[in-house]
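Peer 1: Structure below; questions to follow.
2 protein chains.
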Amino acid sequence: MADIATRVYNHRWKIDPVVRSLLDTDFYKLLMCQSVFRNRPDTQVTFSLINRSTQIRLADLIDEGELREQLDHLRTLRLTRGESTWLRGNTFYGKRQMFRPDFMEWFENLRLPPYHLEKHDGQYELTFEGNWPEVMMWEIPALAVLMELRGRAVLKDMGRFELQVLYARAMTRLWEKIERLRALPGLRIADFGTRRRHSFLWQDWCVQAMIEGLGGAFTGTSNCLIAMRRDIEAIGTNAHELPMVYAALADTDAELREAPYRVLADWHEEHDGNLRIILPDTFGTKGFLDRAPDWLAGWTGIRIDSGDPAEAAETAIAWWIARGEDPRKKLVIFSDGLDVEKIEELHGRFAGRVKVSFGWGTLLTNDFRGLVAGDGLAPFSLVCKAVSANGRPTVKLSDNPSKAMGPEDEIARYKRVFDVGAQTASPVIV
Amino acid sequence: MADIATRVYNHRWKIDPVVRSLLDTDFYKLLMCQSVFRNRPDTQVTFSLINRSTQIRLADLIDEGELREQLDHLRTLRLTRGESTWLRGNTFYGKRQMFRPDFMEWFENLRLPPYHLEKHDGQYELTFEGNWPEVMMWEIPALAVLMELRGRAVLKDMGRFELQVLYARAMTRLWEKIERLRALPGLRIADFGTRRRHSFLWQDWCVQAMIEGLGGAFTGTSNCLIAMRRDIEAIGTNAHELPMVYAALADTDAELREAPYRVLADWHEEHDGNLRIILPDTFGTKGFLDRAPDWLAGWTGIRIDSGDPAEAAETAIAWWIARGEDPRKKLVIFSDGLDVEKIEELHGRFAGRVKVSFGWGTLLTNDFRGLVAGDGLAPFSLVCKAVSANGRPTVKLSDNPSKAMGPEDEIARYKRVFDVGAQTASPVIV
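So the sequence lines, in the order shown, correspond to chains A and B.
The first sequence: position 258 = 1168 (the numbering used here), numbered continuously.
The second sequence: position 253 = 1163 (the numbering used here), numbered continuously.
Right, here's the structure in full:
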């Protein structure tokens, strides 16, 4: 029996918008948004899409009309009553009413602000300007739209069975990864793959496969919509945009040097427990930890998102010991460019020495490498970052100079202020 | 939008009966049935299920109640008006009205006769007795029921994603076979996999994948229901049951020796063109061809279904040459235990020397080898054969002694009458 109404509905374009809800975003965006809403609501911020994989000429691949249609659709979305109820009533990280009533009221009325789109040299220049709490909500869905439209463009001429076999292969590949992960005792791993996922439906499939295949070792997803629908934990804490914007707002070098700690001081006031996770690499991990106030060593853990992850974890362990903390009680979250081999290696090296956890991103939700001719579905390095705040450029150094962002003179200034020495460049996979 | 009516319907058992139509059978059964209906309608024949893979204890795997339910369901099936219209109005092998009105009238009223089911030593003894045209229609659906229920038994405790990945792997495997076959110039291949298929839905998927993946090189399916639904050619000519029963009915050795030719004489009267395909191996290919009347050498081709296929094809080529025929105008259909390697090998050796065609069976529609623990889905050798006719046992020798069937003394008598010398045994894969 075909359901005629469903068929007719499906004929319309909305059968699968890339982003179907304001909750189809990373949980940490909501936590950060609430923090920004309270502490820096009027900051004028510009977000900009940056394709680090310039050989992928997105503007040649993706039709501009289609892109605008998806972005315009995003601007029509509003938090639904059910979504709002879930945010207000659900327990996150063991805490009820994580989101305060004033923030929820603001969020319920949020519509994404306008976007600015141009084509230049085979790439899209996509920027978002406005009040920080509003524009920051563009980051994840904008990335997801670009990633998925690129995939659709590559797949559009494939036959029905060719497509089915393509997904069959991707499913088999993921399942084989899950079977390997199952062998790791005490594993804790979450999905961090929203932004560069192959598609929403595919991310949802991956999450469900992880639930069935890993059981309790799968700790949740960063995607709020999927967390809500699949009734699992929403995972995430904070990201580089906080120190980047706080730093850009600093008036002096002294203030600049203090900015990253100011971020965490604000965070400290709001959150405890497993939400107190340091992200140390924005302006270099080593210097950040060396200069850190003692109260930061009391935090629950650290997230390692660039550079050599084992080296960074060793740096953190040494730092905790130096500050009189027991590393075995600390959480180390690895979240940069992970795949099974790397997870096995890091788990083998650090399990027992610290509490280890993994935020598995693009190679969980978008590993179609080698599955189409010309490798047209291989993931690539697309980011959407705050590039200026109140008219001043932002800077990110990270522990991998290939990931550095910002005007050259500002990068030089930040390197001096944060006392960043020589760094080892490593290729950015995703 | 969930379609509630569909859901409620699906709750009931009939969501997927193993066999859903009297047309869910091989096309050659219908051709043979019409022939039997005209020439030997009153012959009392017993069909019996024989599991040549005795290590697979079907009665331990398959619940008897479930088996009876499926067999009982088969006995409720009648040809629908649309199915009848298709048989009456469609063109088969380029011929209109392949099925005569008297046969169609009989078929429209057919219900499958009763079955007899017992358990013995871990196996089911399943027999069908009655008028030949009626009981012969049990063969294919009975096999399909046993094969699919065994698969369902093996799959019943698997998780949803585990199942999906299982099928993903099977799809990928088939697609890789199709990609290899695509490289063979001038390939002609049909689906012969109904009887030992994994399931109806899976066979239907395989056929559709062949349509998309091979285009014109895929010549059709032996399955009438799928041929009708997918609007492709129904393929098939005749099988061993005709000479087996004709032979059993012979009163003297001389009549016995003539029986296989008598079958083909009847066939000659009814059919021409691509339906004139010799199946020579029932009582040994070599002797059959040596003693064959000259008019048989004028037939369109030969189907090779046991023994070493290359050797049998060489025998046929030599025979055609000896009878003054041009082998390049003759069709050789390989249909025994084929998989891609064998198809590539036979195609490479015989393409150009004869017209080559392949009837791909079990390893097209049921290659789940190695996909579950314990290899519980590997195909096995289940047949359903006419074992007696008017109270006399039937015999099959074939070109592989491992496939011989019948009482020992009768086998000896047949070997003498048909002058069958030493044969090489080879393992029966499927």
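Ideal placement from N, C-alpha and C gives every residue a C-beta, glycine not left out.
Remember, predicted model here, so these are calculated numbers, not experimental data.
Against chain B, does L1081(A) count as a neighbour if the rule is that its beta carbon must be under 7 Å from one of theirs?
Peer 2: Inspection of the sequence shows that residue 1081(A) is occupied by Met rather than by Leu. Yes, because at least one Cβ of chain B sits closer than 7 Å to the Cβ of M1081(A).
Peer 1: Which residues, taken in chain order from the region 1118-1130 of chain A, show a beta carbon closer than 7 Å to some beta carbon of chain B?
Peer 2: Q1118, A1119, E1122, G1123
Peer 1: Residues of chain A with a CB under 7 Å from the CB of V1075(B): which are they?
Peer 2: M1081, T1082, W1085
Peer 1: Can you give me the start and stop residues for the alpha helix (DSSP H) that G999(A) sits inside?
Peer 2: Counting along the chain, G999(A) sits inside the alpha helix (DSSP H) bounded by residues 991-999.
Peer 1: DSSP on F937(A), reduced to helix/strand/coil?
Peer 2: helix
Peer 1: Thinking C-alpha only, which one of I1253(A), R1326(A), P1317(A), M1154(A) is nearest G1096(A)?
Peer 2: I1253(A)
Peer 1: Given this structure, state the Cα-to-Cα distance separating F1071(B) from F1128(A), to the nearest angstrom.
Peer 2: 15 Å
Peer 1: Compare the C-beta of E1069(A) against all C-beta atoms of chain B and say whether one is closer than 7 Å.
Peer 2: Contrary to the premise, residue 1069(A) reads as Gly rather than Glu in this sequence. G1069(A) counts as touching chain B.
Peer 1: Which of the three DSSP states, helix, strand or coil, is assigned to E1235(A)?
Peer 2: coil
Peer 1: At the 7 Å Cβ level, is A1164(A) part of the contact set with chain B, yes or no?
Peer 2: no
Peer 1: By how many angstroms is the C-alpha of I1121(A) removed from the C-alpha of I1142(A)?
Peer 2: 9 Å
Peer 1: Over the uninterrupted beta strand (DSSP E) stretch that includes T1129(A), give me the two end residues.
Peer 2: Segment 1128-1131, the beta strand (DSSP E) holding T1129(A).
Peer 1: Let's test the definition: count the other Cβ atoms within 10 Å of the Cβ of N1019(A) and tell me whether it reaches 16, buried, or not, exposed.
Peer 2: With fewer than 16 other Cβ atoms within 10 Å, it is exposed.
Peer 1: Among all the DSSP beta bridges, which residues are the ones paired with M1315(B)?
Peer 2: Looking at the DSSP assignment, M1315(B) forms a beta bridge with K1306(B).
Peer 1: By alpha-carbon positions, which one of P1023(A), R1263(A), L1241(A), L1273(A) ends up nearest to L987(A)?
Peer 2: It is P1023(A).
Peer 1: Could you work out which residues of chain A lie near A1288(B), taking near to mean beta carbons separated by less than 8 Å?
Peer 2: The premise fails here: A1288(B) is roughly 19 Å from chain A at the closest Cβ pair, so nothing lies under 8 Å.
Peer 1: Taking only three categories from DSSP, how would you classify H1178(B)?
Peer 2: Of the three classes helix, strand and coil, the one that applies to H1178(B) here is helix, per DSSP.
Peer 1: Alpha carbon to alpha carbon, what distance is there between F1290(A) and T990(B)?
Peer 2: When the Cα atoms are used, T990(B) and F1290(A) turn out to be separated by approximately 55 Å.
Peer 1: On the three-pair Cβ rule with 8 Å, is the region 1179-1190 of chain B touching the region 1134-1151 of chain B?
Peer 2: yes
Peer 1: Among F1193(A), D1215(A), F957(A), G1183(A), which residue has its Cα nearest to the Cα of T1246(A)?
Peer 2: Just to set this straight, residue 1246(A) is Asp in the shown sequence, not Thr. Among F1193(A), D1215(A), F957(A), G1183(A), the Cα nearest to that of D1246(A) is on D1215(A).
Peer 1: Can the beta-carbon of V1250(B) be found less than 7 Å from the beta-carbon of A1223(B)?
Peer 2: no
Peer 1: Out of curiosity, what's the CA-to-CA distance linking T1275(B) and Q1113(B)?
Peer 2: CA-to-CA, the gap between T1275(B) and Q1113(B) works out to about 5 Å.
Peer 1: Helix, strand or coil, according to DSSP, for E974(A) in the structure here?
Peer 2: helix
Peer 1: Can you check which of these residues, T1210(A), G1194(A), S1267(A), is closest to R1326(A) by C-alpha distance?
Peer 2: Residue nearest to R1326(A) within the set T1210(A), G1194(A), S1267(A) is G1194(A) (criterion: CA-CA distance).
Peer 1: If you reduce the DSSP assignment to three classes, tell me which class W1209(A) lands in.
Peer 2: Correct three-state label for W1209(A): coil.
Peer 1: Name the DSSP beta bridge partners of R1341(A), please?
Peer 2: No information on residue 1341(A) is available, as it lies outside the stretch 911 to 1340 that chain A covers here.
Peer 1: What do you reckon, are the CB atoms on R1079(B) and L1273(B) nearer than 7 Å?
Peer 2: no
Peer 1: The alpha helix (DSSP H) that contains I1253(A), what's its start and end?
Peer 2: 1250-1260
Peer 1: Given that a residue counts as buried once 16 or more other Cβ atoms are within 10 Å of its Cβ, and exposed if not, what is R936(A)?
Peer 2: Note on residue identity: the sequence assigns Asp, not Arg, to residue 936(A). By the 10 Å Cβ count, D936(A) comes out buried.
Peer 1: Please name the residues in the region 1214-1230 of chain B whose beta-carbon is closer than 7 Å to at least one beta-carbon of chain A, in chain order.
Peer 2: none
Peer 1: Where H1178(A) and I1099(A) are concerned, what is the direct C-alpha to C-alpha distance, given to the nearest angstrom?
Peer 2: Looking at the two C-alpha atoms, the distance is approximately 25 Å.
Peer 1: What's the gap between the Cα of D1067(B) and the Cα of G1061(B)?
Peer 2: 12 Å
Peer 1: Rounded to whole angstroms, what's the CA-CA distance from A1283(A) to G1032(A)? Just pull it up for me.
Peer 2: 21 Å
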